[in-house]
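Colleague:
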Amino acid sequence: MGLFDKVFKSAPSGDEKFTQQESFAAVALAVAGADGSVSTQEWNSIVTYIRRLRIYDNFSGPAFDKLFDKLFSKLKKEGPGALVDAAKDGLGDDLKMTAFACAVDIALADGVLEDDEKDIINQLAEALAVDEKTAISIIEVMIIKNKC
Numbered sequence: 001m002g003l004f005d006k007v008f009k010s011a012p013s014g015d016e017k018f019t020q021q022e023s024f025a026a027v028a029l030a031v032a033g034a035d036g037s038v039s040t041q042e043w044n045s046i047v048t049y050i051r052r053l054r055i056y057d058n059f060s061g062p063a064f065d066k067l068f069d070k071l072f073s074k075l076k077k078e079g080p081g082a083l084v085d086a087a088k089d090g091l092g093d094d095l096k097m098t099a100f101a102c103a104v105d106i107a108l109a110d111g112v113l114e115d116d117e118k119d120i121i122n123q124l125a126e127a128l129a130v131d132e133k134t135a136i137s138i139i140e141v142m143i144i145k146n147k148c
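Residue 148 is where the sequence shown ends in UniProt numbering, and the numbering goes up by one at each step.
Printed below as a string of structure tokens:
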């Protein structure tokens, strides 16, 4: 890191703790934005997943807007890997597999699996401690689900 980077660097993002809701949405957005853009199909998949989860029952429209403004800002400034890093500790063990499955489903939603999406899925599996056998099973099921 250069001198100017140190002077102009904002508060360290690694210290930021995400809530469970922010963490789940961050995982979904990280995979959707891994290839540099979030397609309509990917966005619709994120919204569909979030609407089904009880952890978002008390979220209003403005609360969702605020949540995604924060996450999109982090994605734009620091990239999808930073979202994964910030999210990994905010998810309880009961939601890690769900978040991983959601991420794989979103990556496959637009019918194209880019190398960047594959990389973030691998990073997610490691960050969320999803063992290889389980990760492969989830990926296979999501491929079948998204063939139509």
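Glycine residues also receive a C-beta, built at the ideal position from the N, C-alpha and C atoms. Keep in mind that this is a model prediction, so the values were computed, not measured.
#1: Between which two residues does the alpha helix (DSSP H) harbouring Lys77 extend?
#2: Excluding the 5 residues flanking Ala25 on each side, which residues of the same chain have their C-beta closer than 8 Å to its C-beta?
#3: Kindly give me the distance between the Cβ atoms of Ile139 and Val84, rounded to whole angstroms, as I take these residues to be in contact under 8 Å.
#4: Where do the N-terminal and C-terminal ends of the alpha helix (DSSP H) with Asp105 fall, by residue?
#5: Pro62: buried (16+ other C-beta within 10 angstroms of its C-beta) or exposed?
#6: Where does the unbroken alpha helix (DSSP H) through Ala129 begin, and where does it stop?
#7: Of the residues Gln20, Gly33, Thr19, which one's Cα is nearest the Cα of Ile120?
#8: Check this for me: beta carbons of Leu91 and Ser137, under 7 Å apart or not?
#9: Rounded to a whole number of angstroms, what is the C-alpha to C-alpha distance between Leu117 and Lys74?
#10: For the candidate residues Ala125, Val112, Ser39, Pro80, whose alpha-carbon lies nearest to that of Met97?
#11: By Cβ distance, which residues of its chain are closer than 6 Å to Glu114, with the 5 residues on each side in sequence left out?
#12: Would you kindly check if the distance between the Cβ of Ile144 and the Cβ of Val31 is under 7 Å?
#13: Which of helix, strand or coil does DSSP assign to Pro12?
#14: How big is the Cα-Cα spacing for Asp94 and Asp131?
#15: Going by the beta-carbon positions, is the gap between Val27 and Ala82 smaller than 7 Å?
#16: My output table needs one value for Val31: the three-state DSSP class, helix, strand or coil.
Modeller: Reading it off the structure:
#1: Looking at the DSSP string, the run of the alpha helix (DSSP H) that includes Lys77 is 61-78.
#2: Ile46, Ile50, Leu67, Phe68, Leu71, listed in sequence order.
#3: Contact between Ile139 and Val84 is ruled out by a C-beta separation of about 17 Å, above the 8 Å threshold.
#4: It spans 93-109 - the alpha helix (DSSP H) in which Asp105 sits, taken as one unbroken run.
#5: Looking at its Cβ environment, which holds fewer than 16 other Cβ atoms inside 10 Å, Pro62 is exposed.
#6: Run containing Ala129: none; DSSP gives neither H nor E here.
#7: Relative to Ile120, the option among Gln20, Gly33, Thr19 whose CA is nearest is Gly33.
#8: Not closer than 7 Å, so no.
#9: Rather than Leu, the amino acid found at residue 117 in this sequence is Glu. About 17 Å.
#10: Nearest option by C-alpha distance: Ala125.
#11: Excluding positions up to five away in sequence, the list reads Asp35.
#12: Result no, Cβ atoms of Val31 and Ile144 do not sit closer than 7 Å.
#13: Summary for Pro12: the model assigns pLDDT 44, below 50, so the residue's position carries little reliability, and this model does not support an answer.
#14: Cα to Cα, the separation comes out at about 15 Å.
#15: Their beta carbons are not under 7 Å apart, which means Val27 does not touch Ala82 by this criterion.
#16: Three-state result, Val31: helix.
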